[in-house]
Amino acid sequence: MNFAVPEECTALISALEKLLMQAEATAAPVDGSRSFFSRDLDSALEDSGFLDAAGLEEFGPMAAAMVVQEISSRPVIVEAAHSSFLRALALPEWPRPVAVLTGKFDQATRFLGVARSVVLLGENEARVCRIEGKDTIATAPFFAYPMARLADPAACLARSEVVADAALVRRLLLVATACELSGILKGALFSVTDYVKNRRQFGRAIGSFQAVQHRLAMCASTIAAGEWLARRAAVSGSLEDAVMAAGYLQESTSRILYDLHQFMGAMGLTLEHPLYRWSYRAKLLLSDLGGASRQLRDVAAITWPETA
């Protein structure tokens, strides 16, 4: 089934692609760095208004979903998902970049070291706090994202402010995660597809073997389904759609990454090829907001409340 994209969204993404291509052309080559943050691109995206699309009448959440997916599909790292949904629709007065902590507030999380606001999400309450560099401590960069933890979680919590609608915050974060993860997986797929077209073995391109084509086609169809589930969740405003999209993508990610790394040669990982810039990020998002098991249990509870 082919879905139609609004003309306004198509035009917005075309403009975004030009900005991203310029950023990639001037970006540092892959150097094996385990984590990085494209600060100039992050600022350019904010200044150009791409991250505000969800709150604009002519664009709305569908455009925001596509913006996050397009940015996440590139081998650059900026804080786009939280700003595009959570800040645009729930916290417009708070500065970005935005980091999010759930569960234990003393754990490391992505973008905290570069963030100007942090959202503290509990089961029944959401709070937000402004932060500065002295409020965070950088941690080991295992997931390509810049990672950090709060230097004093209790002090941050004490000066934080309550967000009126915690349920809205959680739903928007689920949508943001789904959009970011679907974009990451799509970018990884494109990278590997280009590789198997050029890598030759047994006298022919790896991508010419039917078994490889079938596995890549399965990855592509799974990612496309997740991409549209994320867009549906963004537009519908439904918690059920949000947990379904995030849960589906989180549940599918490990299988997709297994295949993609196999087609690169093995399950071992090299930092000389940019695939890790997608796969490392995807592995961190596997556990976001409770992971697939939490999201799929929530789907069941919403769909069949009498058995929950």
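FYI, the numbering for the sequence shown is 750 to 1057, going by the working numbering.
A virtual CB, placed ideally from N, CA and C, is assigned to each residue, including glycine.
Rounded C-alpha distance that separates residue i from residue j
i: residue 1050; j: residue 985; result: 19 Å
i: residue 882; j: residue 816; result: 28 Å
i: residue 800; j: residue 953; result: 44 Å
i: residue 923; j: residue 1001; result: 16 Å
i: residue 808; j: residue 1033; result: 30 Å
i: residue 832; j: residue 911; result: 18 Å
i: residue 973; j: residue 885; result: 37 Å
i: residue 963; j: residue 929; result: 25 Å
i: residue 766; j: residue 1052; result: 38 Å
i: residue 1038; j: residue 851; result: 7 Å
i: residue 1005; j: residue 944; result: 16 Å
i: residue 906; j: residue 892; result: 26 Å
i: residue 829; j: residue 913; result: 23 Å
i: residue 841; j: residue 847; result: 11 Å
i: residue 969; j: residue 871; result: 35 Å
i: residue 880; j: residue 797; result: 24 Å
i: residue 793; j: residue 949; result: 39 Å
i: residue 788; j: residue 951; result: 43 Å
i: residue 965; j: residue 992; result: 26 Å
i: residue 764; j: residue 939; result: 20 Å
i: residue 821; j: residue 925; result: 11 Å
Own chain partners of residue i with C-beta closer than 7 Å, once the 5 adjacent residues on each side are dropped
i: residue 996; result: 1041, 1044, 1045, 1048
i: residue 790; result: 772, 825, 827
i: residue 823; result: 769, 773, 936
i: residue 795; result: 845
i: residue 811; result: 755, 758, 980, 983, 984
i: residue 946; result: 954, 956
i: residue 909; result: 869, 876, 877, 878
i: residue 959; result: none
Close Cβ partners of residue i (< 6 Å) along its chain, the five nearest in sequence each way excluded
i: residue 1009; result: 937, 941
i: residue 999; result: 1035, 1040, 1041
i: residue 762; result: 815, 819
i: residue 868; result: 849, 877
i: residue 1027; result: 933, 936, 937
i: residue 760; result: none
i: residue 901; result: none
Assigned exposure category for residue i - 16 Cβ within 10 Å defines buried
i: residue 1007; result: exposed
i: residue 843; result: buried
i: residue 920; result: buried
i: residue 866; result: buried
i: residue 932; result: buried
i: residue 971; result: buried
i: residue 1030; result: buried
i: residue 990; result: buried
i: residue 976; result: buried
i: residue 967; result: exposed
i: residue 994; result: buried
i: residue 1012; result: buried
i: residue 786; result: buried
i: residue 903; result: exposed
Chain-order list of residues whose beta-carbon lies under 8 Å from that of residue i (same chain, five-residue window excluded)
i: residue 896; result: 784, 857, 858, 859, 861, 862, 887, 888, 889, 890
i: residue 1055; result: none
i: residue 1003; result: 1035
Closer than 8 Å to chain C by CB, residue i
i: residue 919; result: Of the chains in the structure shown, none is chain C; there is only one protein chain.
Cβ separation of residue i and residue j, assumed to be a contact under 8 Å, to the nearest whole Å
i: residue 837; j: residue 813; result: 7 Å
i: residue 988; j: residue 927; result: Not confirmed; about 12 Å, so no contact.
i: residue 752; j: residue 803; result: With 8 Å as the limit, residue 752 and residue 803 do not qualify as a contact, their Cβ atoms being about 19 Å apart.
i: residue 854; j: residue 899; result: 7 Å
i: residue 874; j: residue 916; result: Not a contact, Cβ separation roughly 11 Å.
In chain order, each alpha helix (DSSP H) run of at least 4 residues that lies wholly inside the stretch 781 to 829: 788 to 797, 810 to 821
Secondary structure, beta strand (DSSP E): runs of 3+ residues fully inside the stretch 888 to 936: 896 to 899
Inside the stretch 993 to 1030 only - alpha helix (DSSP H) runs reaching at least 4 residues: none
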